[in-house]
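Residue numbers (my numbering): 80 to 503. All residues carry an ideal CB built from backbone N, CA and C; glycine is no exception. Quick caveat: nothing in here was measured; it's all calculated off a predicted structure.
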């Protein structure tokens, strides 16, 4: 009897302990969802895209998630922030991306005249992404504004680089939507040209940030980091003594100085040498450095092969990031399926990130205008009809290609899908 009583008491003890553990887990999960749901605002676009989809099991599944809960996810990566509506690489764009549930946000990194790192997509894009041409700093631009010549058919031109000005001067500028007016006769007119599927509604004066400031902001927003080391537009070594490796080292050093864990940083570059430098010299950061693969559209002779991908893996590359069309194709039944590139990269053991969702404008308009779609859907034109196919494309990338994350110009779309499908 004493033995039976001991067994019974032991079972009751472990049962209570198990119940308490499950209760603790449930409580933690509830607190997690409550915390992150309060920070997320997805707006109407995800449901708009879902409602555009034809009837399918996927559409029904996505519709059932409309009440959430919604929370941050690393699967959703803010491409330059949220530039579908906000000026790219501005504080406002980054905040919007975080509010839409992007768990990772991108700062494209380049440098100023005084070798300070800043967030810009290109070293020489200030004439299209800021108001520099209408300020006194215009006189420092590499190529001054030149008006359009309608008689000779010459478009308006200018070129203003971060390396033309100091960080202090850079910080006086206002960010705007990335665009220009090729028919401009004045610098003010040149600042126009915003694509009709975007907006100037939030282009009052976007706040430009240094790379260090972006790190501080992202920490405050509780998002992770994916800085891209942009190819310099100036000759390297810059001024004879600032080398490409100095540049790559400086970017990583700023994360170390800010005490950001390497596991929260996905450093990127289109330059394989940069990625290999991080792998060999900054191994904690190199472990998840991302090789942005431009070869599928940049090299006419490129053909994906298992040997090529295995060679990258052998050099220490763990993550590869080609554009969306490199990963998708259309089969004989007009269905979107993984491409040979996607199959071979996964076979070689590479993780895949891709870019960029919500950067193409309206699919249906492109088809009507006979423009043949846009670059990001160029390999699946026979299988897309309207904007609802953005969600279908995302589903194939997530479930069949097996990507671990995707850049988006409107992170809410990806966040909704990832939350609905249980992707972290």
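### Message
Buried or exposed for residue 193, going by 16 or more other Cβ atoms inside 10 Å?
### Response
Counting from 1 along the chain shown, the entry for residue 193 is found at position 114. So residue 193 ends up on the exposed side.
### Message
Please return the same chain residues whose Cβ sits closer than 7 Å to the Cβ of residue 244, not counting the five positions on each side in sequence.
### Response
Position 165 of the chain shown, counted from the first residue, corresponds to residue 244. The residues are 191, 192, 216, 219.
### Message
At the level of alpha carbons, what is the spacing between residue 23 and residue 489?
### Response
Not covered by the structure: residue 23. The range shown for the chain is 80 to 503.
### Query
So what does DSSP say about residue 404, is it helix, strand or coil?
As a first step, residue 404 is located in the chain shown; it is residue number 325 there, counting from the start. DSSP places residue 404 in helix when its eight states are reduced to three.
### Task
Just mark residue 140 as buried or exposed, buried being the case when its beta carbon has 16 or more other beta carbons within 10 Å.
Within the chain shown, numbered from 1, the residue matching residue 140 stands at position 61. Label assigned to residue 140: exposed.
### Message
For a minimum of 3 consecutive residues, which ranges assigned as the beta strand (DSSP E) are wholly contained in the segment 148 to 194?
### Response
152 to 157, 181 to 184, 187 to 190
### Task
Please report the Cβ distance between residue 304 and residue 279, rounded to the nearest whole angstrom; I am assuming they are in contact, meaning their Cβ atoms lie under 8 Å.
Along the chain shown, read from residue 1 onward, the residue named residue 304 stands at position 225. Along the chain shown, read from residue 1 onward, the residue named residue 279 stands at position 200. In fact, because the Cβ distance is near 29 Å, the residues do not count as touching under 8 Å.
### Query
Which of the three DSSP states, helix, strand or coil, is assigned to residue 254?
On the chain shown, residue 254 is found 175 positions in, with the first residue counted as 1. In the structure shown, residue 254 sits in a strand (DSSP, three-state: E or B).
### Task
Pull up the DSSP beta-bridge partners for residue 222, would you.
Position 143 of the chain shown, counting from 1, holds the residue named residue 222. DSSP lists 238 as partners of residue 222.
### Query
Near residue 239, which residues of its chain fall below 6 Å by C-beta distance, leaving aside the five closest residues on each side in sequence?
Start at 1 with the first residue of the chain shown, and residue 239 comes out as number 160. Counting only Cβ-Cβ distances below 6 Å, and skipping sequence neighbours, we find 205, 206, 211, 220.
### For residue 334, three-class secondary structure by DSSP
Along the chain shown, one-based indexing puts residue 334 at 255. Three-state result, residue 334: helix.
### Message
So if DSSP puts residue 513 in a beta bridge, which residue, or which two residues, is it bridged to?
### Response
Absent from the structure is residue 513, since the part of the chain shown begins at 80 and ends at 503.
#### Entry: Helix, strand or coil at residue 417 [DSSP, three-state]
Residue mapping note: residue 417 aligns to position 338 of the chain shown, counting from 1. In the structure shown, residue 417 sits in a strand (DSSP, three-state: E or B).
### Query
Under 9 Å between the Cβ atoms of residue 255 and residue 214?
Along the chain shown, one-based indexing puts residue 255 at 176. Along the chain shown, one-based indexing puts residue 214 at 135. Not a contact, by the Cβ cut-off of 9 Å.
### Query
Nearest chain D C-beta to residue 276 closer than 9 Å, yes or no?
Although the question refers to chain D, the structure presented lacks it and comprises just one protein chain.
### Task
Could you name the residues of the same chain whose beta carbon sits closer than 6 Å to that of residue 293, not counting the 5 residues immediately before and after it, in chain order?
As a first step, residue 293 is located in the chain shown; it is residue number 214 there, counting from the start. Around residue 293: 186, 198.
### Task
Put residue 281 into one of helix, strand or coil per three-state DSSP.
In the chain shown, residue 281 corresponds to position 202, counting from 1. Residue 281 falls in the coil class under three-state DSSP.
#### Entry: Span of the alpha helix (DSSP H), counted from its first residue to its last, around residue 485
Against the chain shown, residue 485 aligns to sequence position 406. Per DSSP, residue 485 belongs to no alpha helix (DSSP H); it is in the beta strand (DSSP E), 484 to 487.
### Query
Which class does residue 303 belong to by DSSP, given the choice of helix, strand or coil?
In the chain shown, counting from the first residue as 1, residue 303 sits at position 224. Strand.
### Task
Indicate whether residue 508 and residue 330 have their beta-carbon atoms separated by less than 9 Å.
With the chain running from 80 to 503 in the structure shown, residue 508 is simply not present.
#### Entry: Host alpha helix (DSSP H) of residue 356 (start-end)
Position 277 of the chain shown, counted from the start, is the residue given in the question as residue 356. Segment 351 to 360, the alpha helix (DSSP H) holding residue 356.
### Query
Would you call the segment 249 to 269 and the segment 140 to 149 in contact, with 3 or more CB pairs under 8 Å?
no
### Query
Which value, in whole angstroms, describes the spacing of the CA atoms of residue 417 and residue 406?
In the chain shown, residue 417 corresponds to position 338, counting from 1. In the chain shown, residue 406 corresponds to position 327, counting from 1. If you take the alpha carbons of residue 417 and residue 406, they lie about 6 Å apart.
### Task
For the beta strand (DSSP E) holding residue 371, just list the boundary residues, first then last.
Walking along the chain shown from the start, residue 371 turns up at place 292. Segment 369 to 371, the beta strand (DSSP E) holding residue 371.
### Query
Count the other CB atoms within 10 Å of the CB of residue 85; is the residue buried (16 or more) or exposed (fewer)?
For the purposes of this step, residue 85 is taken as residue 6 along the chain shown, with counting starting at 1. In this prediction, residue 85 has a pLDDT of 45, which is less than 50 and means its spatial position is unreliable; nothing more can be read from the coordinates.
### Query
How many whole angstroms separate the CB atoms of residue 222 and residue 236, which I take to be in contact at a CB cut-off of 8 Å?
Translated into positions along the chain shown, residue 222 becomes position 143. Translated into positions along the chain shown, residue 236 becomes position 157. Indeed, because the Cβ distance is near 7 Å, the residues count as touching under 8 Å.
### Message
For a test of the three-state rule: what should DSSP assign to residue 85, helix, strand or coil?
### Response
Taking the first residue of the chain shown as 1, we reach residue 85 at position 6. Low confidence applies to residue 85: its pLDDT is 45, below 50, so where it sits in the model is not reliable, and the reading given next is rough at best. Helix.
### Residue environment, residue 385, which counts as buried when at least 16 other CB atoms sit within 10 Å
Looking up residue 385 in the chain shown gives position 306. So residue 385 ends up on the exposed side.
### Task
Buried or exposed for residue 439, please, with buried defined as at least 16 other CB atoms from any protein chain shown within 10 angstroms of its CB.
Your numbering for residue 439 matches position 360 in the chain shown. By the 10 Å Cβ count, residue 439 comes out buried.
### Three CB pairs or more closer than 8 Å across the segment 408 to 427 and the segment 368 to 388
yes
### Query
How big is the Cα-Cα spacing for residue 173 and residue 119?
Here the question's residue 173 lines up with position 94 in the chain shown. Here the question's residue 119 lines up with position 40 in the chain shown. Each residue's alpha carbon lies about 14 Å from the other.
#### Entry: Best match in 270, 284, 298 for proximity to residue 339 [C-alpha to C-alpha]
As a working note, residue 339 is residue 260 in the chain shown. For the residues 270, 284, 298, the minimum Cα distance to residue 339 belongs to 298.
### DSSP state of residue 475 mapped onto helix, strand, coil
By one-based count along the chain shown, residue 475 stands at place 396. DSSP places residue 475 in helix when its eight states are reduced to three.
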